[in-house]
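These notes are about the structure you will find just below.
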Amino acid sequence: MADMRVKLAGVDLKNPITVASGTFGFGREYGEFFDISRLGGISVKGLTPLPRNGNPSPRIAETPLGMLNSVGLQNPGVDAFIARELPWLKTQGLTIIANISGNTPEEYGEMCAKLSAAGVDMIEVNISCPNVKAGGLAYGTKPEMAAEVTEIAKRHATVPIMVKLSPNVTDITEIARAVEGAGADAISLINTIRGMVIDVNTRRPVLKMNTGGLSGPAILPVAVRMVWEVANAVKVPILGMGGISTGADAAQMLLAGATAVAVGAATFSDPYAPLRILEELEALCDKQGVKSVTELTGAVQPW
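Next comes the structure, spelled out in structure tokens:
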């Protein structure tokens, strides 16, 4: 069988299949279905400095080939995660990626310092959040703002920093270059695509917050395209995500330039999806005579 081990910004993953933030909680629930140590890594539910209740319901809607959500970063807060969830996760034998969101650059810095000291393996900096200092704009939409958050996160962290990019921009490579220049050790993409569903009978949006983030198989081609563009624009490694539901999907993402991938929405309809995708990817590698899964990264041959 092919060697499935990869390195993401110097961090060892036993295989390239991780689970995306916000779709796997802190791993406990899925641990009742299978041994999560078989995964390459887990990006935990997005953390904020203080606990958040999230947005009012309804906040999830099914769509053709996907789902729309506006959960609103519901989480117990970074301190509670460190005290209650991290000790258990450390016994599970997989790479731990802490996903963080903040309202100010200083909040990102504080969380990076706490999580580094607590012993996570990597920090995923989500820059698709409101920036209260800039009139509600998202950090991930402007290069200078993305660079500012990245630089502060990097300054406070003692573990690798991976910046999660928003696809809701004109040119994602511009943001990617900005965070690479500010010191990001890796980049993850894509986050959800902003969308809307309207109930034609009530004439109201289905989601209480009117709009939400689209995920699932429908966004895979967009995600693959953006990963390919970013891979050709920067030198740091990429964690690719967005619509992956089969081993072939994962292979597409690797061929486009990702070092590893994250499975998200697929776990809602199939809790075993990450393991199935890993097995399908292994079978694909064996069928093609691939000795190491790293051979796939960036191996696409454009016309």
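Residue numbers for the sequence shown follow the numbering used here, so the first one is 195 and each next one is one higher. All C-beta atoms in this analysis are idealised placements derived from N, C-alpha and C, irrespective of residue type, glycine included.
Between which two residues does the alpha helix (DSSP H) holding residue i run?
i    : result
E342 : P337 to H350
D443 : G441 to A450
K201 : Premise fails: K201 lies in the beta strand (DSSP E), V200 to L202, not in any alpha helix (DSSP H).
I471 : A467 to K481
T461 : A460 to S463
L280 : L280 to L283
For residue i versus residue j, is the C-beta distance shorter than 8 Å?
i    : j    : result
S295 : T335 : no
I369 : A340 : yes
A312 : L280 : yes
T488 : V205 : no
N269 : P245 : yes
A477 : G441 : yes
T298 : K327 : yes
G167 : L207 : No answer is possible for residue 167: the residues shown for the chain start at 195 and end at 497.
N249 : S322 : no
V272 : T242 : yes
I276 : K308 : yes
A493 : I471 : no
A372 : P337 : yes
Apart from the five residues just before and just after residue i, which ones in its own chain have a Cβ nearer than 7 Å to its Cβ?
i    : result
T367 : E423, V424 and A427
S251 : K402
S486 : A196 and D197
N404 : M390
D480 : M195 and A196
P411 : L259, G260, G437 and S439
V421 : L383, I432, G434, M447, A450, G451 and A452
V457 : I211, V213, A214, I438, A467, P468 and I471
Taking residue i as part of the beta strand (DSSP E), name the residues at either end of that continuous run.
i    : result
M435 : I432 to M435
I236 : G235 to S237
G260 : G260 to N263
I291 : T289 to I294
D206 : V205 to L207
A454 : A454 to V457
E256 : I254 to T257
V213 : I211 to V213
Which one of the options has the shortest CA to CA distance from residue i?
i    : options                   : result
G436 : L259, D229 and N395       : L259
S215 : G483, S237, P337 and E301 : S237
C306 : E345, Q286, L288 and V416 : E345
V357 : G240, I471, K308 and L207 : G240
I230 : W282, A445 and A277       : W282
F462 : V430, E223, N395 and L202 : E223
L202 : M420, R278 and K429       : K429
Q446 : N249, A459 and R419       : R419
V319 : A292, E338, V272 and G271 : A292
I211 : A459, L475, G287 and I387 : L475
F218 : A378, V484, A459 and Q495 : A459
G375 : P415, V343, T352 and I471 : V343
S310 : V353, Q286, A378 and A274 : V353
Who are the near neighbours of residue i in its chain, counting only those whose CB is closer than 6 Å to its CB and skipping five residues on each side?
i    : result
V400 : A255, V391 and D393
T491 : L448 and T453
G303 : I346 and H350
D315 : V205, T289 and I290
P431 : L202, A203, A380 and T453
I387 : P361, L408 and I413
K348 : I355 and G377
G286 : The sequence shown places Gln at residue 286, rather than the Gly named in the question. Around Q286: I230 and S231.
Which same chain residues end up closer than 8 Å to residue i when comparing Cβ atoms and leaving out the 5 residues on each side of it in sequence?
i    : result
E300 : I346
F228 : P465, Y466 and L469
T257 : G389, V391, L408, G410 and A412
V265 : G216, G248, N249, R253 and I254
K284 : I290 and G313
Quick one: does residue i have its CB under 8 Å from some CB of chain B?
i    : result
I236 : Judged by its chain identifiers, the structure shown contains no chain B, having just a single protein chain.
Counting only runs that start and end within the region 353-420, where is the beta strand (DSSP E) found for 3 or more residues in a row?
355-358, 380-383, 387-389 and 406-409
Complete runs of the beta strand (DSSP E) confined to the region 305-330 [at least 3 residues]
316-320
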